[in-house]
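Q: Mind having a look at this structure? Questions to follow.
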Amino acid sequence: LDRRAVAAVLAASALLAAPVNANPVMSSLEWRRVGYSYPYRAFPLELTVLGLDYDLSGEGFVLHYADLNSYMAEESGFWTRGGSEAVFVVRAVRRGKLFISLTNGLYRNAVEVSVGGEWKRVELGSFEGATLEFEAEPELKYTSYWIYGRESRLAEIYVYTVRVRCTASWIPALTGHGSDPRCLGVYVQVSVGG
């Protein structure tokens, strides 16, 4: 047995277990936070274990958040955390263009969006919006059951990874624009078209 190999395995194990061992109670209560933190974020996304979510809206796609830099969905989109990079996965039943609509907050913002490794950048003014169009190849394609409400059918599933970076942030409660205490970046809406 090579001592250096054993030492390397022990060091890697200690690094991977450190977030859980440092605070086991909090790790069990907020288990999602552990998977979204370093060192686990250094690994590529595992696109084959996204889970089976229902397409309640009937729009033909489902979003999966891949980090904690996106707030929970509202009406037709979601806010990203200010000054950060949000990563999410789009699982769709039809192949086509991805349209990423962005609505900025109070302060000028430089927003970069990536789909399938293709980056686009847009400068947004106060409460300004823009829609970016991507014709990216899916990162993964497989056949599975797609659930529409109470019905399901076998379908081709196309998977895309989307990254949204923004430079500015604002807190509506502190700027006189409502009572929302969150640190917001940009509002994101996704659609999949032909």
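Position one of the sequence shown corresponds to residue 0 (my numbering), numbered consecutively onward.
Glycine included, each C-beta is placed from N, C-alpha and C at the ideal position.
(1) Is it buried or exposed for residue 43, if we count other Cβ within 10 angstroms and need 16 for buried?
(2) Whole angstroms is fine: what's the gap from residue 69's alpha carbon to residue 25's?
(3) Is the stretch 114 to 133 touching the stretch 141 to 151 in the sense that three or more CB pairs, one from each, lie closer than 8 Å?
(4) Taking 8 Å as the threshold, find out whether the stretch 72 to 82 comes into contact with the stretch 146 to 162 through three or more Cβ pairs.
(5) Under three-state DSSP, which class holds residue 80?
(6) Determine the closest residue to residue 37 out of 14, 62, 64, 119, with distance taken between C-alpha atoms.
(7) Examine chain B for any beta-carbon lying closer than 7 Å to the beta-carbon of residue 183, and answer yes or no.
(8) CA-CA distance, residue 47 and residue 87?
(9) Quick check: the Cα distance between residue 89 and residue 2, rounded to an integer number of angstroms?
(10) In angstroms, rounded to a whole number, what distance separates the CA positions of residue 85 and residue 114?
(11) From the DSSP output, read off the bridge partner residues of residue 192.
(12) So, with DSSP's three-state summary, where would you put residue 199?
(13) Looking at residue 132 and residue 120, is the spacing between their C-beta atoms short of 7 Å?
(14) In whole angstroms, what separates the C-alpha of residue 99 from that of residue 66?
(15) Determine whether the beta carbon atoms of residue 191 and residue 116 lie at a separation below 7 Å.
(16) Starting from residue 168, trace the alpha helix (DSSP H) both ways and give me its first and last residue.
(17) Please go through the same chain and pick out, in chain order, the residues whose beta-carbon is closer than 6 Å to the beta-carbon of residue 188, but skip the five residues on each side of it.
(18) DSSP puts residue 164 in a beta bridge; with which residues?
(19) What is the DSSP secondary structure of residue 103, reduced to helix, strand or coil?
(20) Please state whether DSSP places residue 26 in a helix, a strand or coil.
A: A quick look at the data gives this:
(1) exposed
(2) 21 Å
(3) no
(4) no
(5) strand
(6) 14
(7) The structure shown contains no chain B; it holds only a single protein chain.
(8) 14 Å
(9) 44 Å
(10) 12 Å
(11) 96
(12) With the chain covering 0 to 193 only, the question about residue 199 has no answer from this structure.
(13) no
(14) 18 Å
(15) no
(16) From DSSP, residue 168 is part of no alpha helix (DSSP H); its letter is neither H nor E.
(17) 75, 76, 100
(18) 84, 111
(19) strand
(20) helix
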